[in-house]
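As numbered in this note's numbering, residues 2 to 277 make up the sequence shown, in order.
Comments concern the structure below.
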Amino acid sequence: MKTARPFTSVEASNGSCYVANGYNAPARWDVLRAASETVGIAVPASAVTLGGSGTGTIAGDLYAFVRYMDRYGYVSNLSPISAVYRTNSLSGTITDATDAVPIVITSTGHGLATNNSVFITGLSGNTNANGQWVITKITNDTFSLNSSQGNGDYRGGGSWYRGAGTLTYSAVPVPTDTKVTRRQLLRNKLGDLNTFYVDVDTTDLVTTSFNSTKTDAQLGEAVPILAADGSDLNLTRYGTPPNWKKLLVAHQGRLFMAADFVYKQGSVKVRNGLTT
């Protein structure tokens, strides 16, 4: 890193050398490459668009994130979250749900077939019917929820949505940071908004649309959003380090940055309308 200003450097546990001077962006050199590189990975700037098609077992209200990775396996912060996608290759209105084993749902002309997967929401009274189910068709107007048990009289409401077979991630952001070597697309499972799972992991850095047929059980690495105490685990904790800290310290396998750089010479030019 070329600079006329004093700088500090430390060696990390992996052998890389980190440099900071309180003015330029902190840099890292792995002693193998000809030049250093800036530390941290820029966050994906935009949200992905989530959709689906076909008939399958992917059901519920789904959301998605994108994150980038570099060659060391370091990750970026998560992108903005997608808009909700409710799997709806086929849907219908519920008019009754028996308090029985199994629960039998009445939905006129439902169009479902045995072994279809459905997501039920908004049903009151017999609330055990809400959630994701594999169904058995009884008649054109009724179907049962496999392995279900009622917990009260039906009091109205309720809609069902048939599961999708394929999810489509579109408008996937393309990285501009040259350190990025992978992109990961993460989604939640039915009923869980705090833990997301890697669905697509790719070294393709330019394609903006991907498909996946992975069921909830087939998803990859779990990425929790918040800890039990509410602290952030993945949303913003992997941001790029500040460039105004001039001291680096290595302690027990971690790097710490301290001491703001104080400017004692130079000039500032003010332009009308500038907010900074």
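Ideal placement from N, C-alpha and C gives every residue a C-beta, glycine not left out.
Could you check what DSSP says for residue i in three-state terms: helix, strand or coil?
{"i": "ALA114", "result": "coil"}
{"i": "GLN150", "result": "coil"}
{"i": "LYS165", "result": "For the record, residue 165 in the displayed sequence is Ala; it is not Lys. The answer is strand: DSSP assigns ALA165 an E or B state."}
{"i": "ASN1", "result": "The question about residue 1 has no answer, for the chain in this structure spans 2 to 277."}
{"i": "THR128", "result": "helix"}
{"i": "LYS3", "result": "Because LYS3 carries a pLDDT of 47, less than 50, the predicted location of this residue cannot be relied on, and no value is offered for it."}
{"i": "LEU63", "result": "strand"}
{"i": "THR109", "result": "coil"}
{"i": "ASN15", "result": "coil"}
{"i": "TYR86", "result": "strand"}
{"i": "TYR170", "result": "strand"}
{"i": "PHE120", "result": "strand"}
{"i": "ASN78", "result": "coil"}
{"i": "ALA98", "result": "strand"}
{"i": "ILE42", "result": "coil"}
{"i": "VAL281", "result": "The structure shown has nothing for residue 281, since the chain only spans 2 to 277."}
{"i": "ILE136", "result": "strand"}
{"i": "ARG68", "result": "strand"}
{"i": "ASN189", "result": "strand"}
{"i": "THR58", "result": "strand"}
{"i": "THR177", "result": "coil"}
{"i": "SER37", "result": "coil"}
{"i": "VAL20", "result": "strand"}
{"i": "ALA28", "result": "strand"}
{"i": "GLY157", "result": "strand"}
Would residue i pass as a contact of residue j if the rule is Cβ separation under 8 Å?
{"i": "TYR239", "j": "VAL49", "result": "no"}
{"i": "GLY93", "j": "TRP161", "result": "yes"}
{"i": "LYS138", "j": "LEU168", "result": "no"}
{"i": "VAL199", "j": "VAL175", "result": "no"}
{"i": "PRO45", "j": "SER90", "result": "no"}
{"i": "THR203", "j": "ALA172", "result": "no"}
{"i": "PHE262", "j": "GLY23", "result": "yes"}
{"i": "THR88", "j": "ALA130", "result": "no"}
{"i": "PHE120", "j": "LEU51", "result": "no"}
{"i": "GLY159", "j": "ILE104", "result": "no"}
{"i": "LYS246", "j": "ALA260", "result": "yes"}
{"i": "ALA28", "j": "LEU248", "result": "no"}
{"i": "ASP142", "j": "THR107", "result": "yes"}
{"i": "ASN117", "j": "ARG72", "result": "no"}
{"i": "THR128", "j": "GLY157", "result": "no"}
{"i": "THR58", "j": "THR216", "result": "yes"}
{"i": "GLY254", "j": "SER14", "result": "yes"}
{"i": "SER47", "j": "SER80", "result": "yes"}
{"i": "VAL32", "j": "GLY55", "result": "no"}
Using 8 Å for Cβ pairs, my map puts residue i next to residue j. What's the rounded Cβ distance?
{"i": "VAL11", "j": "ALA229", "result": "33 Å between Cβ atoms; not a contact."}
{"i": "LEU284", "j": "PRO225", "result": "Any answer about residue 284 is impossible in this case: the structure gives the chain only from 2 up to 277."}
{"i": "ALA165", "j": "GLY53", "result": "3 Å"}
{"i": "LEU186", "j": "VAL201", "result": "4 Å"}
{"i": "LEU236", "j": "ASN195", "result": "Not really, about 11 Å apart at Cβ, beyond 8 Å."}
{"i": "THR182", "j": "MET70", "result": "6 Å"}
{"i": "PHE197", "j": "ARG184", "result": "Not a contact, Cβ separation roughly 14 Å."}
How about residue i: is its Cβ closer than 7 Å to a heavy atom in the ligand HEM?
{"i": "VAL40", "result": "Absence of the ligand HEM is noted for the structure shown, with no ligands found whatsoever."}
Counting contacts by CB-CB distance shorter than 8 Å, is residue i in contact with chain B?
{"i": "SER17", "result": "Included in the structure is just one protein chain, with no chain B present."}
- Task: Flag this pair as touching only if the stretch 128-147 and the stretch 36-44 have three or more C-beta atom pairs under 8 Å; answer yes or no.
- Result: Too few Cβ pairs lie closer than 8 Å, so no.
- Validate contact between the stretch 100-109 and the stretch 66-73 using beta carbons, cut 8 Å, 3 pairs: At 8 Å Cβ cutoff, the stretches do not touch.
- Item | Length at least 4, wholly inside the stretch 193-277: the alpha helix (DSSP H) runs in chain order | Restricted to the stretch 193-277, not a single alpha helix (DSSP H) segment is unbroken, complete and at least 4 residues in length.
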